[in-house]
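Numbering (my numbering), first residue to last: 2 to 112. All residues carry an ideal CB built from backbone N, CA and C; glycine is no exception. Here is the structure we will look at.
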């Protein structure tokens with residue numbers, strides 16, 4: 002029995018799933034309706050995820066150590082990282098998405 006999987010959406014979750022499936026030898030198809038879509042959200046990547054996703058340093062535009070986030074319901078969260086080795090990586094979603102999508106394709110996923 003041959004497995005074929007369609008992954009709809011090539012954001013971080015979809016591209017990562019497609020990469021894992023393709024590496025496992027499963028025929029994988031990754032679909033995205035708009036490849037050059039710049040999204041206004043989701044550019045902050047915690048340091049643990051930079052290593053978890055094996056992201057190259059060049060896709061990180063900025064290393065943030067202080068920030069304040071305010072939710073629509075006015076809940077505030079302050080982040081103050083004193084250790085110079087710690088940061089939250091800021092990147093453009095179109096760059097991150099493109100990198101992960103290309104890596105999935107190199108692993109054998111069909112775009």
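Taking the continuous beta strand (DSSP E) assigned at residue i, which residues delimit it?
i	result
residue 79	77-81
residue 7	5-9
residue 15	Careful: residue 15 lies outside any beta strand (DSSP E), inside the alpha helix (DSSP H) at 13-24.
residue 71	67-71
Nearest-angstrom Cα distance between residue i and residue j?
i	j	result
residue 84	residue 100	28 angstroms
residue 18	residue 8	8 angstroms
residue 105	residue 4	17 angstroms
residue 45	residue 27	31 angstroms
residue 92	residue 64	9 angstroms
residue 73	residue 94	21 angstroms
residue 56	residue 12	14 angstroms
Do residue j and residue i come within 8 angstroms of each other at the CB atom, strictly closer than that value?
i	j	result
residue 76	residue 68	no
residue 66	residue 88	yes
residue 109	residue 29	yes
Where DSSP assigns a beta bridge to residue i, which residues make up the other side?
i	result
residue 47	89
residue 31	8
I'd like the span of the alpha helix (DSSP H) that includes residue i, first residue to last.
i	result
residue 95	94-107
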